[in-house]
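Number of protein chains: 2
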Amino acid sequence: MDQLPAREIECLLVLAGELHFGRTAARLGCSQSRVSQLVAALERRIGAKLVERTSRRVELTRFGAEFVGEVGPAYQRLVGVVGQARERARRGGLAEVRIGFQGTAYEEVIEALRRFKLHCQTSVVVTEVPYGSPFSAVLDGVVDCAVVELPVRDERLTVGFSFPPQDRLLAVGAEHPFARRERVDIEELASVDLIASTGEAPGYWLAAQVPPATPAGSEIRSTAGVATLQEGLTLVAGSEHALLLCRPFVERSRRGDVRYVPVSGMEASSQLGLVWRTDRTTAQLEYLARLLAEESARASSTG
Amino acid sequence: MDQLPAREIECLLVLAGELHFGRTAARLGCSQSRVSQLVAALERRIGAKLVERTSRRVELTRFGAEFVGEVGPAYQRLVGVVGQARERARRGGLAEVRIGFQGTAYEEVIEALRRFKLHCQTSVVVTEVPYGSPFSAVLDGVVDCAVVELPVRDERLTVGFSFPPQDRLLAVGAEHPFARRERVDIEELASVDLIASTGEAPGYWLAAQVPPATPAGSEIRSTAGVATLQEGLTLVAGSEHALLLCRPFVERSRRGDVRYVPVSGMEASSQLGLVWRTDRTTAQLEYLARLLAEESARASSTG
DNA sequence: ACGATCGATGAGCTAGGCTCATCGATGAGG
DNA sequence: CCTCATCGATGAGCCTAGCTCATCGATCGT
Chain A
1 MDQLPAREIE CLLVLAGELH FGRTAARLGC SQSRVSQLVA ALERRIGAKL
51 VERTSRRVEL TRFGAEFVGE VGPAYQRLVG VVGQARERAR RGGLAEVRIG
101 FQGTAYEEVI EALRRFKLHC QTSVVVTEVP YGSPFSAVLD GVVDCAVVEL
151 PVRDERLTVG FSFPPQDRLL AVGAEHPFAR RERVDIEELA SVDLIASTGE
201 APGYWLAAQV PPATPAGSEI RSTAGVATLQ EGLTLVAGSE HALLLCRPFV
251 ERSRRGDVRY VPVSGMEASS QLGLVWRTDR TTAQLEYLAR LLAEESARAS
301 STG
Chain B
304 MDQLPAREIE CLLVLAGELH FGRTAARLGC SQSRVSQLVA ALERRIGAKL
354 VERTSRRVEL TRFGAEFVGE VGPAYQRLVG VVGQARERAR RGGLAEVRIG
404 FQGTAYEEVI EALRRFKLHC QTSVVVTEVP YGSPFSAVLD GVVDCAVVEL
454 PVRDERLTVG FSFPPQDRLL AVGAEHPFAR RERVDIEELA SVDLIASTGE
504 APGYWLAAQV PPATPAGSEI RSTAGVATLQ EGLTLVAGSE HALLLCRPFV
554 ERSRRGDVRY VPVSGMEASS QLGLVWRTDR TTAQLEYLAR LLAEESARAS
604 STG
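These protein sequence lines map, in sequence, to chains A and B.
Here the first sequence is numbered in this note's numbering, starting from 1 and rising by one per residue.
Here the second sequence is numbered in this note's numbering, starting from 304 and rising by one per residue.
Set out below in structure tokens:
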């Protein structure tokens, strides 16, 4: 089969409305003879008379009317889709933005997303990404961006916005020696068995989450690894293991058999950020980053 | 806005499946460079990168994937509609055939329509046409054909099939002098007041339905006119008026306050036929006529 | 380092898309 | 009945857009 005769269809649709070759030509911005040729060509292609025409009257054949009734909506839809795409491209956005989160989304982000959807007329799909593989979903293109733990040191990824650093908390079981402490100093981490993340995260990221040693140089043990936050908490609850977390995750995962103790003296404190693939930077994502910045500023000023 | 870029869209859709410019070109039956140009043109038109391509890898942009997801179905639908129209034209038919009836449809026709729908994969819409204007709906194109009382003497109309002639019946009120008669001779019509049809029917047709005089030359009175069969029967029931009908209509409109008496000696007996606009003759309508002929033959042999 | 593969690009050809001029048909008006 | 005006069809011819060919540069495997 050969090519879709877009011009001929367009011509027929206009002619069906005008029922006049001259006016149709004017509306199409071409000559009357071209209209005549286009209609004839379409009729030849379809293999049936579509328009009954004398020098005094133009009317659709019964078959032509039926054809117009079917082709019209289909054609208009296609034109519409292309037009919408153009419009979206002009504003530099996607119709559906997929955002990944480690764990779940938190308040500041939710509000930013609401404004984002409104302003960009975009639908937002929220997905959870594995705690231990914060970047792979972004790199694979499964999500368009993600709010994850920093740091990110990867040419392929861009950090659009970084939330302010936050203290880390140490999650321990209810029976753990630290369970009732007010604080834990970072040097004390040398005495616990920290849970590491298993996943496709790069080494520098893993090291940032679970430092291999205290600032003073004491080695930090780590004999267990988990893929998700929930796994980690479950492991903590029933063992001597401990888990380093940042506050937003804690707020979303309170449970009775786990205690959260602030850790003081941590140099590399926990920090969340919005990241996306550098080669897929768009105005839309940058706008989302700006919205996050605003919400973050608002939250820190009122809180 | 300018023309719908059908080739470019087609090209993108194929490329989205192949992810390879050379194979895409082969499938489109053009050169690789053309594919490159088409994609570039579409990207320029939309205003966004749709395909990420290096010399070693081709993949859709996030935006491109979204675009393909929307444009693909719309495009396929349009192609499908055009293809279906071609197919229908090849078999010479309409997707929806509208048939008009005076009064209602009767058994032989119903069965023929069933087979017609099946064979032509067509939907059939049945419409009632005014008894007194059997042709105008056909001429106006409101229906594609109609089963109506003959005769038809009009260049613009074609009779595809004529049912065998049938006796006429005289409908009279229950209190009418003829109400209990076995037969009525045509000469006796001079003594009744026949109801005429009012409508856009031509004079020859009206005269055939309600003859102006008996064969022997006696004038037949007609002081009332009705537009539909039901109106006529209602008028008959409460007056001295009488109505000439053909059998199929009678079978469908039995009522207690009206008697039907066969009329003998009528030269021009009642005859139904399938008519359509001559300038809209199609193989499909001719096929329907053939089906009616078959059903009619079957009915007369078994009955 | 080399060759193979693949997409981009520019030059150049040509068929298809379009216009112009004209014709014949049709209907209105005198 | 004749004339004029309107409208769609048609053929000749022009020109652009649609396409090919040849070539280049980038990239990956060996």
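Beta carbons: idealized from backbone N, C-alpha and C, even for Gly.
For this session: Would you list, in chain order, the members of the stretch 400-412 of chain B that have their beta-carbon closer than 8 Å to a beta-carbon of chain A?
Result: none
Exercise. Residue 169 of chain A bridges to which residues according to DSSP?
Worked result: Beta-bridge pairing links residue 169 of chain A to A:245 and A:262.
Problem set entry | Secondary structure, beta strand (DSSP E): runs of 3+ residues fully inside the stretch 203-246 of chain A | 221-226 and 241-246
For this session: Check distances from the C-beta atoms of the stretch 331-346 of chain B to those of chain A and list, in chain order, the residues that come in under 7 Å.
Result: none
Exercise. If we count the other Cβ atoms within 10 Å of its Cβ and call it buried at 16 or more, is residue 295 of chain A buried or exposed?
Worked result: Buried: at least 16 other Cβ atoms inside 10 Å.
Exercise. Got a sec: which bits of the stretch 60-82 of chain A sit with their beta carbon under 7 Å from any beta carbon on chain B, in order along the chain?
Worked result: 62, 63, 66, 67, 70, 71, 74, 75, 77, 78, 79, 81 and 82
Exercise. According to a CB-to-CB cut-off of less than 8 Å, which residues of the stretch 2-27 of chain A neighbour chain B?
Worked result: 3, 4, 5, 6, 7, 9 and 10
Exercise. Using CA coordinates, which residue listed in A:38, A:279, A:138 and A:165 is at the minimum distance from residue 270 of chain A?
Worked result: Considering only A:38, A:279, A:138 and A:165, the residue with the shortest C-alpha distance to residue 270 of chain A is A:165.
Exercise. With DSSP run on the structure shown, which of helix, strand or coil describes residue 109 of chain A?
Worked result: The answer is helix: DSSP assigns residue 109 of chain A an H, G or I state.
Exercise. Any contact of the stretch 336-355 of chain B with the stretch 308-318 of chain B, i.e. 3+ C-beta pairs under 8 Å?
Worked result: yes
For this session: Check whether the Cβ atoms of residue 306 of chain A and residue 42 of chain A sit closer than 8 Å, and answer yes or no.
Result: There is simply no residue 306 of chain A to check, as chain A begins at 1 and stops at 303 in what is shown.
Exercise. So what's residue 82 of chain A in DSSP terms, helix, strand or just coil?
Worked result: helix
Exercise. In terms of residue numbering, what span does the alpha helix (DSSP H) encompassing residue 32 of chain A cover?
Worked result: 32-46
For this session: Return the CA-CA distance between residue 560 of chain B and residue 508 of chain B, expressed in angstroms with no decimal places.
Result: 28 Å
Exercise. Residue 85 of chain A to residue 369 of chain B, Cα distance in whole Å?
Worked result: 9 Å
Exercise. CB-CB under 6 Å to residue 243 of chain A, same chain, minus the five flanking residues each way: which ones, in chain order?
Worked result: Counting only Cβ-Cβ distances below 6 Å, and skipping sequence neighbours, we find 171, 195, 232 and 236.
Exercise. Does residue 85 of chain A get closer than 8 Å to chain B when you measure Cβ to Cβ?
Worked result: yes
Exercise. Within the 8 Å Cβ cut-off, does residue 463 of chain B reach chain A?
Worked result: no
Exercise. According to the Cβ coordinates, are residue 60 of chain A and residue 16 of chain A closer than 8 Å?
Worked result: yes
Exercise. Once you ignore the five residues that flank residue 491 of chain B on each side, which residues in its own chain have a CB closer than 8 Å to its CB?
Worked result: 481
Exercise. Can you find a C-beta in chain B that's less than 8 Å from the C-beta of residue 139 of chain A?
Worked result: Not an interface residue.
Exercise. Got a sec: is the Cβ-Cβ distance from residue 397 of chain B to anything in chain A below 8 Å?
Worked result: yes
For this session: May I have the straight-line CA-CA distance separating residue 153 of chain A from residue 203 of chain A, to the nearest angstrom?
Result: 11 Å
Problem set entry | Per-residue DSSP class, three states only, for residue 273 of chain A | strand
Exercise. How far does the alpha helix (DSSP H) with residue 499 of chain B in it reach, from first residue to last?
Worked result: Residue 499 of chain B -> not in any alpha helix (DSSP H); beta strand (DSSP E) instead, spanning 496-500.
Exercise. What do you reckon, are the CB atoms on residue 160 of chain A and residue 129 of chain A nearer than 8 Å?
Worked result: no
Exercise. So which residues of chain A does residue 447 of chain B contact, with C-beta pairs closer than 7 Å?
Worked result: Within 7 Å Cβ-Cβ: 62.
Exercise. Does residue 360 of chain B get closer than 8 Å to chain A when you measure Cβ to Cβ?
Worked result: no
Exercise. Along chain A, in chain order, which residues have C-beta atoms closer than 7 Å to that of residue 350 of chain B?
Worked result: What residue 350 of chain B touches in chain A, judged by beta-carbon distance under 7 Å, is 86, 89 and 90, going in chain order.
Problem set entry | residue 78 of chain A to residue 305 of chain B span [Cα, whole Å] | 14 Å
Problem set entry | Spatial distance of residue 529 of chain B from residue 501 of chain B (CA atoms) | Their Cα atoms are separated by approximately 5 Å.
Exercise. Could you give the residue range of the alpha helix (DSSP H) that holds residue 291 of chain A?
Worked result: Taken as a continuous stretch (DSSP letters only), the alpha helix (DSSP H) holding residue 291 of chain A covers 283-302.
Exercise. Of all the CB atoms in chain B, is at least one closer than 8 Å to the CB of residue 280 of chain A?
Worked result: yes
For this session: Just tell me which of B:396, B:452 and B:485 has its CA closest to the CA of residue 425 of chain B.
Result: B:396
Problem set entry | Cβ pair residue 470 of chain B, residue 543 of chain B closer than 8 Å | no
Problem set entry | Cβ-Cβ distance between residue 281 of chain A and residue 127 of chain A below 8 Å | no
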